[in-house]
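For the sequence shown, the positions run 783 to 996 when my numbering is used.
Notes follow once the structure below has been shown.
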Amino acid sequence: MKRGLFGGTFDPVHFGHLRAAEELAAIEQLDCVIFIPSALPPHKTSRVIEPFEHRARMIQLAIEGDHHFSFSDVENRREGKSFSIETVRYFLNEQPDGSELCFITGLDAFDAITTWRDWETLLTLCDFVVITRPGYENRGLHSILPDDVARSYVYDQKTDSFTQASGRRISFRKTTFMEIASSDIRRFVQTGESIRYLTPDPVIQYIEEQNLYR
Numbered sequence: 783m784k785r786g787l788f789g790g791t792f793d794p795v796h797f798g799h800l801r802a803a804e805e806l807a808a809i810e811q812l813d814c815v816i817f818i819p820s821a822l823p824p825h826k827t828s829r830v831i832e833p834f835e836h837r838a839r840m841i842q843l844a845i846e847g848d849h850h851f852s853f854s855d856v857e858n859r860r861e862g863k864s865f866s867i868e869t870v871r872y873f874l875n876e877q878p879d880g881s882e883l884c885f886i887t888g889l890d891a892f893d894a895i896t897t898w899r900d901w902e903t904l905l906t907l908c909d910f911v912v913i914t915r916p917g918y919e920n921r922g923l924h925s926i927l928p929d930d931v932a933r934s935y936v937y938d939q940k941t942d943s944f945t946q947a948s949g950r951r952i953s954f955r956k957t958t959f960m961e962i963a964s965s966d967i968r969r970f971v972q973t974g975e976s977i978r979y980l981t982p983d984p985v986i987q988y989i990e991e992q993n994l995y996r
């Protein structure tokens with residue numbers, strides 16, 4: 783069993799998230815991608831975020847019927863802010879022996895990984911798969927990580943990944959780029975514009991029924 787943990791605010795989830803998860807499942811040979819909405823994201827304090835139950839329900843509606851995708855409310859079951867290292871440790875503790883785990887995140891988030899709680903320990907707990915953007919040039923890890931940490935990784939051409947002595951990998955993966963942002967969806971709803979084809983129809987219906995982003 784090889785699982786990918788896809789964390790984020792998902793306010794709301796959209797086709798960009800879903801397509802990236804679909805392609806990474808194939809590239810990394812993942813048995814399952816688990817969508818994990820943050821309850822209290824530590825890095826997003828500048829705006830009001832929709833309550834967890836709404837963001838969670840939209841994810842469930844978006845992935846319904848897809849056997850490659852699943853959902854977890856683990857971060858809502860903990861008090862306080864949602865730290866990735868606690869989530870990874872939870873899945874490590876509850877997964878069967880021999881299972882593999884990778885953490886999926888976007889390039890913007892990974893660029894700030896040294897601001898994450900216990901980030902050095904986190905990098906030793908599981909593999910990381912970073913979703914890149916068009917025009918991204920892989921210049922190694924020295925522009926992101928401190929030199930001493932970056933030097934502990936060796937580029938493996940066979941897997942197109944940076945590998946630590948522990949065997950943990952950091953991989954930068956290109957997926958089909960969809961220039962969709964949750965912030966645009968929220969803005970379109972506020973201004974009365976259509977959000978069709980930006981997010982699945984059941985999500986659109988839920989946004990309308992619950993009067994979200996008004």
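Note that the Cβ used here is the ideal one computed from N, Cα and C, for glycine as well.
Query - Neighbourhood of Val971 by C-beta distance below 8 Å, restricted to the same chain and skipping five residues each side - result: Non-local beta-carbon contacts of Val971 in its own chain, meaning distances under 8 Å to residues more than five positions away in sequence, involve Ile977, Ile989, Leu994, Tyr995, Arg996 in chain order.
Query - Ile886 and Val911 closer than 7 Å at C-beta - result: Yes, Cβ-Cβ distance for Ile886 and Val911 is below 7 Å.
Query raised in the report: With a Cβ-Cβ cutoff of 7 Å, do Pro762 and Phe954 count as a contact?
Result: What the structure shows of the chain is the stretch from 783 to 996, and residue 762 is not part of that stretch, so it cannot be assessed.
Query raised in the report: In three-state DSSP terms, what is Gly790?
Result: Looking at Gly790 - three-state DSSP - the assignment turns out to be strand.
Query - Euclidean distance between Cα positions of Phe792 and Glu846 - result: Computed Cα separation, rounded: 16 Å.
**Report entry** Residue range of the unbroken alpha helix (DSSP H) whose run includes Arg968
**Finding:** In the DSSP assignment, Arg968 falls within the unbroken alpha helix (DSSP H) covering 964 to 973.
Report task. On a CA-only basis, which of Trp898, Pro794, Leu907 is nearest Phe834? Give me that one, please. Result -> Residue Pro794 is the option with its Cα nearest to Phe834.
Query - Residue closest to Ile831, alpha-carbon to alpha-carbon, out of Ser965, Thr973, Glu991, Pro984 - result: If we check each option's Cα against that of Ile831, Ser965 comes out closest.
Query raised in the report: To the nearest angstrom, how far is it from the Cα of Tyr979 to the Cα of Ile986?
Result: Each residue's Cα considered, the two are about 9 Å apart.
Query - Gly798, enclosing beta strand (DSSP E) - first and last residue - result: Looking at the DSSP string, Gly798 is not in any beta strand (DSSP E); the run it does join, the alpha helix (DSSP H), is 797 to 809.
Query - Segment limits, beta strand (DSSP E) that includes Ser852 - result: For Ser852, the enclosing beta strand (DSSP E) stretches over residues 851 to 853.
Query raised in the report: Exposed or buried, Val815, counting other C-beta atoms within 10 Å across all chains shown (16 or more means buried)?
Result: That one is buried.
Query raised in the report: Are Ile926 and His796 closer than 7 Å when you measure CB to CB?
Result: In this structure, Ile926 keeps its C-beta atom at 7 Å or more from the C-beta atom of His796.
Query - Inter-residue CB distance, Pro823 and Ser864 (contact presumed, cutoff 8 Å) - result: At roughly 6 Å, the Cβ-Cβ gap stays under 8 Å, so Pro823 and Ser864 are in contact.
Report task. Please classify Phe944: does DSSP put it in a helix, a strand, or coil? Result -> Phe944 carries a strand assignment under DSSP once its states are collapsed to helix, strand and coil.
Query raised in the report: Per DSSP, Gly888 forms a beta bridge with which residues?
Result: Ile913.
Report task. Starting from the Cα of Ser820, find the closest Cα among Gly789, Leu883, Asp983 and give me that residue. Result -> When only C-alpha atoms are compared, the closest one is Gly789.
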